[in-house]
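Numbering (UniProt numbering), first residue to last: 1 to 400.
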């Protein structure tokens, strides 16, 4: 048995002899390059101790080689750690800037607690976000280019969106060029548009942002009147923008989709609309659309985005019954979601029907008559989206 006090050279010879004995018992020849004598040891768990030690040195203020001064706050830390995690400091310390060799570096126009939180993150990879620190942290993370923290801040803010704050968050995101957070805020504002337009911040949004919101087909609205009321509310509160933006903002309202009584009784009587030639042209387009729907001849009428329903009001298209290549009738239905742009199967009808009459009334879909492959039908059934079921109703007096 080898002695526990074996010296390093003896231990090495002992390992080599053991290796040779093992090789003599094997049939395959040994590697002439000697690679069989190489063993690579990797201690991945050592990184945990490494991080723990770094954090200890930071908290104890040991072996620090730089101090950050942010306002009245002094933060002693290690250049190497900052350079590894925060690109801003990496560029600073590897450059010819005067700060690269300074022991005390002053950081201006930042929140001291936010910088300290970022430095702690560099050591621990942990960060606690709150409603109070998330904005200064996002600002600091954007300027210092700590993308991991910036993304975490954006996700946190997304979780705390509310109709009363989403517009302010969006403006904050725009000032820091956070396209991801801007898109999140816009999506939330569209989904909760009816509530957002009633908030105090609504009349303070920029004309560019309002233009983008009102033009979206994703607005969650009951009808186009809500969009018109939102546009007029903003326009009346911002007369300074009328010269450049009046007709542009009103053009985002899909006036042709408004009821004709609302068009003539409300829109046509609005003073700012009456006084603007381009707005009057938009009103004429809406009138012509209604004339076109009433089968009256409207020469050169053209459909546009303003004659296209928004996704939330457009709802779902139902394809009911029909027949296949063999002529056999279907009882199945397929549904097209306009908002999601995909088809899906709905619940089957009680009867097979081809040449069936279908109509939507009161939020329900009625399938009437048709042919089941053997005879004409007089039965009727109704689909209720709330229960997701077809129910038989009173039959017609005549099969058809």
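The beta carbon of each residue, even a glycine, is placed where N, CA and C say it ideally should be.
Could you say if the region 135-149 and the region 165-179 meet the contact criterion of at least three C-beta pairs nearer than 8 Å? Three or more pairs of CB atoms, one per stretch, sit closer than 8 Å, so the region 135-149 contacts the region 165-179.
- So, residue 255 versus residue 263, is the Cβ gap smaller than 8 Å? A contact, by the Cβ cut-off of 8 Å.
Return the residue from the list 294, 293, 153, 92 that minimises the CA-CA distance to residue 68. The option with the nearest alpha carbon to residue 68 is 92.
Requested in this report: Let me know if residue 303 comes out buried or exposed under the rule of 16 or more other beta-carbons within 10 Å of its beta-carbon.
Outcome: When all chains shown are included, residue 303 counts as exposed.
### Message
For a quick check, are the C-beta atoms of residue 146 and residue 104 less than 8 Å apart?
### Response
Not closer than 8 Å, so no.
Item to complete: Alpha carbon to alpha carbon, how far is residue 121 from residue 189? Give it in angstroms, no decimals.
Response: Roughly 32 Å between the two C-alpha positions.
To the nearest angstrom, report how far apart residue 357 and residue 228 are at their CA atoms.
-> Roughly 36 Å between the two C-alpha positions.
Check: With a CB to CB cut of under 6 Å and the five nearest residues on each side skipped, what residues in its chain are close to residue 386?
Finding: Excluding sequence positions up to five before and after residue 386, its CB lies less than 6 Å from no other CB in the same chain.
Exercise. Compare the C-alpha of residue 309 against each of 203, 126, 274, 214 and name the closest.
Key: Taking residue 309 as reference, the option from 203, 126, 274, 214 with the minimal CA-CA separation is 214.
### Message
In whole angstroms, give me the CA-to-CA distance for residue 87 and residue 95.
### Response
Between residue 87 and residue 95, the alpha-carbon positions lie close to 12 Å from each other.
Option in 379, 337, 220 with minimal Cα separation from residue 349
Of 379, 337, 220, the residue nearest in Cα terms is 379.
Is the distance from the Cβ of residue 140 to the Cβ of residue 186 below 8 Å? Not a contact, by the Cβ cut-off of 8 Å.
Can we say the region 220-236 touches the region 320-337, given the rule of at least three CB pairs closer than 8 Å?
The region 220-236 makes no contact with the region 320-337, as fewer than three CB pairs between them are under 8 Å.
Quick check for students: name the residue ranges of the beta strand (DSSP E) that lie wholly in the region 151-226, counting only runs of 3 or more.
Uninterrupted beta strand (DSSP E) stretches at least 3 residues long and entirely within the region 151-226 do not occur.
Spatial neighbours of residue 454 in its chain, beta-carbon cut-off 6 Å, leaving aside the 5 residues before and after:
Residue 454 is absent from the model: the chain starts at 1 and stops at 400.
* What's the gap between the Cα of residue 52 and the Cα of residue 41? -> Those two C-alpha atoms are separated by around 21 Å.
Bridge partners of residue 337, per DSSP?
-> 316, 342, per the DSSP bridge assignment.
Beta-carbon proximity of residue 306 to residue 329, cut-off 8 Å
The Cβ-Cβ distance between residue 306 and residue 329 does not fall below 8 Å.
* Which word fits residue 198, buried or exposed, when buried means at least 16 other C-beta atoms lie within 10 angstroms of its C-beta? -> Answer is exposed; the Cβ neighbour count stays below 16.
**Prompt:** Looking only at DSSP bridge pairs, what is residue 74 linked to?
**Reply:** DSSP lists 69 as the bridge partner or partners of residue 74.
Please report the Cβ distance between residue 193 and residue 167, rounded to the nearest whole angstrom; I am assuming they are in contact, meaning their Cβ atoms lie under 8 Å.
Contact doesn't hold; Cβ gap of about 11 Å is too wide.
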